[in-house]
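Step one of this worksheet: look at the structure below.
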Amino acid sequence: MEVGVERRGNARVIAVKGRIDHLNASAFHEQLTPHLQHCRSNGDGIVLDLSALDYISSAGLRIFMMAAKQARAQGGRIAVAQMQALVQEIFEISHFHLVYEIFTTTDEAVAALNRQPETAGT
Amino acid sequence: MQIRFWGTRGSLPAPLTTDAIRVKLAAALTAAQNVRLETPAAIDDFIAQLPFSVSGTFGGDSSCVEIIDNEDNHVICDLGSGARRYGAEMLRRHGPEQPQTYHVFMSHLHWDHIMGFPFFTPAFIPGNRILIHGCHPNLEAAFRRQHGAPSFPVDFNQLPASIEFVQLQPGVSADIAGYRITPLLQRHAGDSSGYRFEKTGKCVVYSTDSEHRTENTRETEAFAAFFRNADLVIFDAMYSLADAVSVKEDWGHSSNIIGVELCQLAGAKRLCLFHHEPVFGDIQLEDILRQTRRLEEITRDGAPLEIISAWDGLVVDL
Ligand SMILES: [Zn+2]
Ligand SMILES: [Zn+2]
């Protein structure tokens with residue numbers, strides 16, 4: 084598992100490569116944590132670029148859940164983009180598609196996160 | 222070895238409703254349009270090809286699973302509401318005149334796992350011997366309390382059968398009724414125990430009411446060892462993973478995803494989804510089974526793992 088980070092406007096694009104399973108989920112969590120602190124209202128949005136993620140187990144998904152919870156609590160936005168077919172199916176079967184905003188491409192996710200959040204009507 | 226499921230529902234019995242039966246009937250009649258159903262055999266064939274959610278039901282009794290060998294030992298896991306029909310079947314088979322010995326293995330003492338005992342007829346027949354095994358120190362107290370006034374009219378002391386409580390230790394194997402039985406401590410409110418049963422080269426693991434933290438490597442390896450090469454793993458798959466790690470975190474239950482992962486790590490042959498969420502109907506449970514089979518297929522690395530979903534009345538040959 085490898086993690087690469089790139090800033091694009093107000094979005095931090097975190098590319099995750101390889102597999103996340105019970106053996107390296109904690110290491111993944113450690114690498115994600117410093118970025119999560121900045122994922123807040125008026126801070127950075129996070130896009131998890133999963134184009135090179137080959138597999139994710141329940142242990143990895145648990146970290147994804149913790150990240151989503153923390154971002155939400157801080158008023159920040161976090162999304163996933165460009166999932167491989169296998170990872171997308173795992174997201175659906177585990178119901179994580181109900182937890183995360185999912186974008187087909189990283190560009191779309193970055194654009195969405197850089198847009199001002201719409202204010203609620205009425 | 223053979224496994225018979227008498228109760229498969231989690232938390233609370235969940236009887237089928239008239240509305241649910243009407244949905245099944247409507248689906249069956251819709252499917253029957255333009256089908257010739259003129260003989261009983263044709264009707265049977267037609268029913269057999271319907272989806273299980275239409276022709277059957279996963280059922281509504283709470284946890285009770287029988288382990289059958291060819292020596293007529295009576296071994297069951299948990300005394301949920303399914304124990305009522307199990308007891309009735311034993312009485313039908315053996316009659317009141319032939320004393321029997323029952324070995325019960327308790328995962329834990331939550332209501333849904335003990336509530337069948339007041340209606341377990343073998344306890345009301347003198348000469349029967351019922352040995353209730355478990356790792357909880359308050360095993361006996363929980364059963365006595367359930368039978369006490371004002372909750373039940375027959376006091377525990379009035380039960381004619383001989384009832385004994387046998388304390389087991391997690392991680393310490395015991396030889397009972399010809400089985401090598403190993404309990405394992407599981408994460409659940411007030412703790413629960415899983416049991417690994419081995420006999421004549423066959424192995425079944427009963428592991429319900431257990432929450433898993435798979436990122437805890439040591440714990441994951443311990444469960445993989447517990448499930449190692451099992452012919453069947455009966456697994457608490459009550460919630461979706463997303464629910465189990467968020468709104469229902471610390472509720473003490475697991476998911477189909479973790480069941481597949483642990484069985485794959487363990488090289489188990491068959492996974493049985495168990496302790497079904499009471500709010501799920503048959504269509505939803507069938508959907509979960511289909512998705513779980515798909516997950517196994519796309520994550521398979523080695524021999525295939527067969528996935529089944531428990532229903533009241535299901536018999537599995539090992
Ligand atoms: Zn239960
Ligand atoms: Zn329980």
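Chain order of the listed sequences is A and B. With the numbering used here applied, the first sequence corresponds to residues 84 to 205, in that order. With the numbering used here applied, the second sequence corresponds to residues 222 to 539, in that order. C-beta atoms are modelled at their ideal positions from N, C-alpha and C, and glycine is treated no differently.
- Item | Cβ distance (whole Å) where residue 398(B) is taken to contact residue 344(B) below 8 Å | Not a contact, Cβ separation roughly 18 Å.
- Message: So, for residue 394(B): in the same chain, excluding its five sequence neighbours on each side, which residues have a beta-carbon less than 6 Å away from its beta-carbon?
- Response: Only 401, 403 meet the Cβ criterion.
- Query: Which residues in the same chain as residue 277(B) place their Cβ atom closer than 7 Å to its Cβ, once the five residues preceding and following it in sequence are excluded?
  - Reply: Once the five neighbours on either side are set aside, the close Cβ partners of residue 277(B) are 532.
- Message: Within 7 Å of any Cβ in chain A, is that where the Cβ of residue 466(B) sits?
- Response: Residue 466(B) counts as touching chain A.
- Message: So if I measure from each beta-carbon to every heavy atom of ligand 4 and keep distances below 7 Å, which residues remain?
- Response: Ligand 4 is not among the ligands present in this structure, which contains only ligand 1 and ligand 2.
- Query: Can you find a C-beta in chain A that's less than 7 Å from the C-beta of residue 461(B)?
  - Reply: Yes, its Cβ sits closer than 7 Å to a Cβ of chain A.
- Message: For a test of your reading of the model: does the CB of residue 92(A) fall under 6 Å from any non-hydrogen atom of ligand 1? Yes or no.
- Response: For ligand 1, no non-hydrogen atom lies closer than 6 Å to the CB of residue 92(A).
- Cβ-heavy atom distance, residue 231(B) to ligand 1, below 6 Å: Taking 6 Å as the cut-off, the C-beta of residue 231(B) counts as close to a heavy atom of ligand 1.
- Message: I'd like the ranges of any alpha helix (DSSP H) spanning at least 4 consecutive residues and lying wholly in the region 337-377 of chain B.
- Response: Considered as a whole, the region 337-377 of chain B harbours 360-368 as its complete alpha helix (DSSP H) runs of no fewer than 4 residues, in chain order.
- What's the C-alpha gap between residue 493(B) and residue 310(B)? The alpha-carbon atoms of residue 493(B) and residue 310(B) are separated by roughly 23 Å.
- Which residues in chain B sit within 9 Å of residue 148(A), going by Cβ to Cβ distance? For residue 148(A), the residues of chain B that pass the 9 Å Cβ criterion are 462, 463, 466, 467, 470, in the order they occur in the chain.
- Query: Under 7 Å between C-beta atoms, does residue 169(A) make it to chain B?
  - Reply: Taking 7 Å as the CB threshold, residue 169(A) lines the interface with chain B.
- Whole-angstrom distance between residue 101(A) and residue 288(B), CA atom to CA atom: One C-alpha to the other measures close to 42 Å.
- Output the distance between the C-alpha atoms of residue 490(B) and residue 480(B), rounded to the nearest integer angstrom. Approximately 12 Å, taken between the alpha carbons.
- Should residue 227(B) be labelled buried (16 or more other beta-carbon atoms within 10 Å of its own) or exposed? The residue in question, residue 227(B), is buried, as its Cβ has 16 or more Cβ neighbours within 10 Å.
- Query: Beta carbon of residue 273(B), beta carbon of residue 256(B): below 7 Å?
  - Reply: Their beta carbons are not under 7 Å apart, which means residue 273(B) does not touch residue 256(B) by this criterion.
- Message: Let me check understanding here. Comparing Cα to Cα, which of 423(B), 336(B), 512(B), 476(B) lies closest to residue 224(B)?
- Response: Closest option to residue 224(B), Cα to Cα, is 423(B).
- Item | Integer-rounded CB distance, given that residue 519(B) should sit under 8 Å from residue 172(A) | Residue 519(B) and residue 172(A) do touch by the CB rule: their CB atoms are close to 6 Å apart, below 8 Å.
- With a Cβ-Cβ cutoff of 7 Å, do residue 487(B) and residue 476(B) count as a contact? For the 7 Å CB-CB criterion, residue 487(B) and residue 476(B) do not form a contact.
- Message: Less than 7 Å between CB atoms is the rule here; does residue 419(B) satisfy it with respect to chain A?
- Response: No, its Cβ sits nowhere closer than 7 Å to a Cβ of chain A.
- Message: Let me check understanding here. Comparing Cα to Cα, which of 392(B), 516(B), 271(B), 231(B) lies closest to residue 246(B)?
- Response: Out of 392(B), 516(B), 271(B), 231(B), the CA that lies nearest to the CA of residue 246(B) is found in 271(B).
- Item | Cutoff 6 Å; reference residue 163(A); Cβ partners in own chain excluding five residues on either side | Within the same chain, residue 163(A) has close Cβ partners 131, 133, 183, 185.
- Query: Three or more beta-carbon pairs under 8 Å between the region 147-165 of chain A and the region 500-508 of chain B, yes or no?
  - Reply: No: the two stretches stay apart, fewer than three of their Cβ pairs being nearer than 8 Å.
- Message: Counting only Cβ pairs nearer than 9 Å, list the residues of chain B close to residue 119(A).
- Response: Counting only Cβ-Cβ distances below 9 Å, residue 119(A) has no contacts in chain B at all, with the closest Cβ about 16 Å away.
- Looking at residue 177(A) and residue 144(A), is the spacing between their C-beta atoms short of 7 Å? Yes, these two residues count as a Cβ contact at 7 Å.
- Listed by chain order, chain A residues near residue 322(B) by CB distance under 8 Å: When 8 Å is used as the limit between beta carbons, residue 322(B) is near no residue of chain A, the shortest such separation being about 41 Å.
- Message: Between residue 111(A) and chain B, is any beta-carbon pair separated by less than 7 Å?
- Response: For residue 111(A), no Cβ of chain B is located within less than 7 Å of the residue's own Cβ.
- Query: Quick one: is residue 98(A) near chain B, going by C-beta distance under 7 Å?
  - Reply: For residue 98(A), the answer is no, since every Cβ of chain B falls outside 7 Å of its Cβ.
- Would DSSP call residue 298(B) helix, strand or coil? Strand.
- Is DSSP giving residue 204(A) helix, strand or coil here? Below a pLDDT of 50, predicted positions are generally treated as unreliable, and residue 204(A), at 46, falls in that range; the measurement from the model is reported next regardless. Residue state, collapsed to three classes: coil.
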